[in-house]
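Going by numbering that gives the first Met the number 0, 63 is the number at position 64 of the sequence shown; the sequence numbering is gapless.
The C-beta atom is built at its ideal place from N, Cα and C for all residues, glycine as well.
None of these values were measured; they are calculated from a predicted model.
For reference, the structure discussed in these notes is given below.
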Amino acid sequence: MTLNLYQRIYEVVAQIPKGKVATYGQISKIVECNPRVVGYAMRNITEKMNLPWYRVINSRGKISFPLDSDAYFEQRSLLETEGVTFSEKNVISLDKFSFF
């Protein structure tokens, strides 16, 4: 069951276009699961899967990795390359960039 649920989550993530983001909560509503399950699924993504994992952010419009981590800078850089902008407080406008 978990693999099937993860697959559904990955199918939704694959639909997020360049320059847009989705929150764990938005994805969880689509696949009808807890947002934490979306987080668990995201941790299991491999490079081979070629999914835009970096387009998934938290409900506050922020990247969930610690601000000073390499993972944070990688995700932010990938999003900025696609035209996603951040406020001075490191927040992405969900009104402007949310896909769902």
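Keeping to the same chain, check which residues put their C-beta closer than 8 Å to that of residue i; ignore five residues upstream and five downstream.
i	result
residue 21	11, 12, 15, 54, 55, 56, 97, 98 and 99
residue 9	40, 44, 48 and 50
With a CB to CB cut of under 6 Å and the five nearest residues on each side skipped, what residues in its chain are close to residue i?
i	result
residue 17	81
residue 63	57
residue 93	60
Looking only at its chain, what residues have a beta carbon closer than 7 Å to the beta carbon of residue i, apart from the 5 residues adjacent to it on each side?
i	result
residue 51	12 and 15
residue 77	53
Return the residue from the list the options that minimises the CA-CA distance to residue i.
i	options	result
residue 67	89, 59, 78 and 47	89
Look at residue i and residue j and say whether their C-beta atoms are less than 8 Å apart.
i	j	result
residue 91	residue 60	yes
>> Could you tell me which whole alpha helix (DSSP H) segments of length 4 or greater appear in the segment 6-54?
In response: Listed in chain order, they are 23-30 and 34-42.
>> In chain order, what are the residue ranges of uninterrupted alpha helix (DSSP H) at least 4 long that sit wholly in the segment 58-94?
In response: Whole alpha helix (DSSP H) segments, 4+ residues: 69-80.
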